[in-house]
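Novice:
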Amino acid sequence: MPGLHRIRAGWLPALMPAFALAFTLALGLAPARASGDVELGAWLAGACVACHPAGAASGGVPAIAGLPQAAFVAAMEDYRSGARPSPLMHALASGLSDAEIAALAAYFADVKPAR
Ligand code: HEC
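Using full-length UniProt numbering, you'd call the opening residue of the sequence shown number 1 and step up by one each time.
Written out as structure tokens, the structure reads:
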């Protein structure tokens, strides 16, 4: 199908800048801000909401929507350092910079917990 092939070849290069931006953000290369960057947090939250939906805690996964920022940051730092044991959250927190944790805290603090 030569027609289909031409469409694919045309679209991929056009999408590359978007992918490049996404990877830049993923690697934490976005400029660090003093307080959490809500937009960055919203983007990073995509990795969290599969287990932490905006609803109530379920199946051993605590709800994090609406968590005060200080408590959120403290929990993430304790997971990252291992002070709070959870192999799962340790693995996740280990990949996050301070700026990214602050961004996630700022984002989730404003998410209204569903009932
Ligand atoms: C694979 C499922 C999973 C994913 C994905 C996940 N979490 Fe968790 N999270 C958990 C579980 C399970 C716990 C409870 C761990 C424990 O025993 O302390 C937890 C606990 C937490 C807590 C502590 C909440 C509290 O009330 O003390 C925070 C904060 C948190 N997660 C944030 C995040 C963030 C931010 C992300 C995305 C970067 C994320 N989690 C992704 C499963 C997950």
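Positions of the beta carbon are idealized from the N, C-alpha and C atoms, including for glycine.
Just so we're clear, the structure is a prediction, and the values are computed from it rather than from any experiment.
Out of K112, V73, H90, G82, state which residue places its alpha-carbon closest to the alpha-carbon of A103.
Specialist: If we check each option's Cα against that of A103, V73 comes out closest.
Novice: To the nearest angstrom, how far is the alpha carbon of A63 from that of S35?
Specialist: Cα to Cα, the separation comes out at about 23 Å.
Novice: Leaving out the 5 sequence neighbours to the left and right, which residues in its chain are closer than 8 Å to A106 when beta-carbon positions are compared?
Specialist: S35, G36, D37, V38, G41, Q69, listed in sequence order.
Novice: Closest to W43 by C-alpha separation, out of K112, P113, F108, would be which residue?
Specialist: Residue F108 is the option with its Cα nearest to W43.
Novice: Under 6 Å from any heavy atom of the ligand HEC, does the C-beta of residue 186 make it?
Specialist: Here the chain comprises residues numbered 1 to 115, so residue 186 is not present and cannot be evaluated.
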